[in-house]
Amino acid sequence: MSATTQRPQLVEARKQVAPAKPIDLIRRGLEQMAGEFAMALPQHIPVDRFKRVVLTAVNQNQDLLTADRRSLMGACMKAAQDGLYPDGREGALVIFKTKTQNADGKDVWTKAVQWMPMVYGIIKKMRNSGELASIVAHEVYEKDAFIYRLGDEESIEHTPYLGDDEPGKMIAVYSIAKLKDGTTQREVMTRKQVDKVRAVSKAGNGGPWVAWYEEMARKTVVRRLSKYLPMSTEIEDMLRRDDAFNASADTMKLSGADGVTIDAEPGDVSEAEREAEAPAIEQDKAPAVTVPTETAESNEVPAYVAEGPEELFA
């Protein structure tokens, strides 16, 4: 056979073995996991829409293309289990570097993906649980009119500043929940109290606390108020997983939905202070997912593996 005849065949062979683009591998991975998503998602969230939201999140944060795909699929599965969209509003796919061990037993840092429910998603879950009549959370700024009264008749009065200039720095956050029996529960936290919670978080100096400070502050006050509210097991599990993420010890860098990567060194707080301030984290009771052997040994990266070509998750 002549060289001229062979050349088209070689070109065609090269086309067939060309490596797939990362976005195509992620898309194929989501397709393979469609059945698992369908079993985890609530009925009001279509699987196809959930997959489209994930792909939109990936396109908006290009760092997700080069992150560990096992952890990305695991984070998507966690989002499906929580019944929330990873759209940056209900929750976010957060990238962080985590310490794992390679085949030689050496510590290596991996760009892992973690699912993080945000305050809007948490409040949405609480509202839809049937346990509460309503729940809200707001920030208070320096120029706002804010009155918090304690005593026999507790009350909160808040009039946000609507002037043309900036309202000043955030000074407090609060949350109000009304139960179906008419009872009202309130929680107010000053900025100093919020920062104290932030200080005992192992990732307090980076990631969400830097990119979305107000968001994290509102989530903190809702989390504190939730201790006095009736909660379904599903919501308790979601909050417990979020606690575990915020207490991650081996996180070095995080990046949020905006794609910004930020240093996240542990705060200058002693371990004894952390244990005294932070609530105990119970074992995750979420539905089990399959974890590869090399990842399970390190116990650092949450992972889910669907059956299919290894290249989808490598």
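Each number in this note's numbering corresponds to the 1-based position in the sequence shown with 5 added. Cβ atoms here follow ideal geometry from the backbone N, Cα and C, with glycine treated the same way.
Self-check item: Residue from GLN119, THR105 and ALA108 with nearest C-alpha to PRO91
Solution: Residue 91 sits at position 86 when you count from the first residue of the sequence shown. When only C-alpha atoms are compared, the closest one is GLN119.
Self-check item: chain B contact for ARG75 (CB, 8 Å cutoff)
Solution: Reference to chain B is not applicable here, since this structure consists of a single protein chain.
Self-check item: Proximity winner among LYS148, LEU35 and THR105, relative to ALA117 (alpha-carbon distances)
Solution: For the purposes of this step, residue 117 is taken as residue 112 along the sequence shown, with counting starting at 1. ALA117 has its Cα closest to that of THR105, out of LYS148, LEU35 and THR105.
Self-check item: Residue span of the alpha helix (DSSP H) that contains ARG32, given as start and end
Solution: What you label residue 32 is simply residue 27 of the sequence shown in a count that begins at 1. Element bounds for ARG32: 27-37.
Quiz prompt | MET44 in three-state terms, based on DSSP | solution = Here residue 44 refers to the residue found at position 39 of the sequence shown. Here MET44 sits in helix by DSSP.
Exercise. Answer yes if the stretch 186-204 comes into contact with the stretch 83-100, meaning at least three C-beta pairs across the two stretches below 8 Å, and no otherwise.
Key: no
Exercise. Grab me the residues of ALA85's own chain with a C-beta within less than 7 Å of its C-beta, minus the 5 sequence neighbours each way, in chain order.
Key: For the purposes of this step, residue 85 is taken as residue 80 along the sequence shown, with counting starting at 1. Result list for ALA85: PHE42, ALA45, LEU46 and PHE55, in chain order.
Quiz prompt | alpha helix (DSSP H) runs wholly inside the stretch 108-173, at least 4 long, in chain order | solution = 124-133
Quiz item: Looking at C-beta atoms only, is the number of pairs between the stretch 179-189 and the stretch 226-242 that lie closer than 8 Å three or more?
Solution: yes
Self-check item: Between the CA atoms of GLY126 and GLY110 - distance to the nearest angstrom
Solution: Sequence index remark: in the sequence shown, residue 110 carries index 105 (1-based). Sequence index remark: in the sequence shown, residue 126 carries index 121 (1-based). The straight-line gap from Cα to Cα measures roughly 38 Å.
Practice problem: Would you tell me roughly how many angstroms separate the C-alpha atoms of ASP263 and GLY173, rounded to the nearest one? | Solution: As a working note, residue 263 is residue 258 in the sequence shown. As a working note, residue 173 is residue 168 in the sequence shown. Low local confidence applies: a pLDDT of 42 at ASP263 is under 50, so the model's placement there is unreliable, with the coordinate-based value given in what follows. Rounded to whole angstroms, ASP263 to GLY173 spans 24 Å at the Cα level.
Quiz prompt | Inter-residue spacing [alpha-carbon to alpha-carbon] between GLY40 and ASP53 | solution = Position 35 of the sequence shown, counted from the first residue, corresponds to residue 40. Position 48 of the sequence shown, counted from the first residue, corresponds to residue 53. Taking the straight line joining both Cα atoms gives about 11 Å.
Practice problem: Give the DSSP bridge partners of ILE181, in chain order. | Solution: The residue labelled residue 181 in the question sits at position 176 within the sequence shown. Answer by DSSP bridge pairing, in chain order: VAL141 and ARG191.
Exercise. With DSSP as the reference, label VAL205 as helix, strand or coil.
Key: Here residue 205 refers to the residue found at position 200 when the sequence shown is read from its first residue. Reduced to three states, the DSSP call for VAL205 is coil.
Quiz item: Is PRO27 closer than 8 Å to THR71 when the C-beta atoms are compared?
Solution: By one-based count along the sequence shown, residue 71 stands at place 66. By one-based count along the sequence shown, residue 27 stands at place 22. Against a cut-off of 8 Å, the Cβ pair of PRO27 and THR71 comes out as a contact.
Quiz item: Could you give the C-beta distance for LEU184 and LEU137, rounded to a whole number, given that I count them as a contact under 8 Å?
Solution: Translated into positions along the sequence shown, residue 184 becomes position 179. Translated into positions along the sequence shown, residue 137 becomes position 132. 6 Å between Cβ atoms; contact.
Practice problem: Whole angstroms is fine: what's the gap from MET123's alpha carbon to GLU239's? | Solution: For the purposes of this step, residue 123 is taken as residue 118 along the sequence shown, with counting starting at 1. For the purposes of this step, residue 239 is taken as residue 234 along the sequence shown, with counting starting at 1. The alpha-carbon atoms of MET123 and GLU239 are separated by roughly 16 Å.
Self-check item: Cβ-based burial, LYS232 [other Cβ within 10 Å; buried from 16]
Solution: By one-based count along the sequence shown, residue 232 stands at place 227. Exposed.
Quiz prompt | Within the stretch 55-87, ranges of the alpha helix (DSSP H) (whole runs, at least 4 residues) | solution = 68-71 and 74-87
Quiz item: ILE176 to ASN107, Cα distance in whole Å?
Solution: For the purposes of this step, residue 176 is taken as the residue at position 171 of the sequence shown. For the purposes of this step, residue 107 is taken as the residue at position 102 of the sequence shown. About 45 Å.
Quiz item: Does the distance from the C-beta atom of GLY93 to that of ALA142 stay below 8 Å?
Solution: Translated into positions along the sequence shown, residue 93 becomes position 88. Translated into positions along the sequence shown, residue 142 becomes position 137. Going by C-beta atoms, GLY93 is not nearer than 8 Å to ALA142.
Self-check item: Range covered by the alpha helix (DSSP H) that runs through LEU230
Solution: One-based indexing of the sequence shown puts residue 230 at position 225. It spans 218-230 - the alpha helix (DSSP H) in which LEU230 sits, taken as one unbroken run.
Practice problem: In the DSSP assignment, find the unbroken beta strand (DSSP E) run with ILE100 in it and report its ends. | Solution: The sequence position of residue 100 within the sequence shown is 95, counting from 1. Looking at the DSSP string, the run of the beta strand (DSSP E) that includes ILE100 is 96-106.
Quiz item: How many Å lie between LEU60 and ARG32 at the Cα?
Solution: Locating residue 60 in the sequence shown gives position 55, counting from the first residue. Locating residue 32 in the sequence shown gives position 27, counting from the first residue. When rounded, the distance between both Cα atoms is 7 Å.
Quiz prompt | Option in MET131, ASP73 and ASP87 with minimal Cα separation from GLN48 | solution = Counting from 1 along the sequence shown, the entry for residue 48 is found at position 43. The residue with the shortest Cα to Cα distance from GLN48 is ASP87.
Quiz item: How many Å lie between GLU144 and LYS201 at the Cα?
Solution: On the sequence shown, position 139 is the one that residue 144 refers to. On the sequence shown, position 196 is the one that residue 201 refers to. Taking the straight line joining both Cα atoms gives about 17 Å.
Quiz prompt | C-alpha gap between ALA150 and LEU30, whole angstroms | solution = Working through the sequence shown from its first residue, we reach residue 150 at position 145. Working through the sequence shown from its first residue, we reach residue 30 at position 25. If you take the alpha carbons of ALA150 and LEU30, they lie about 52 Å apart.
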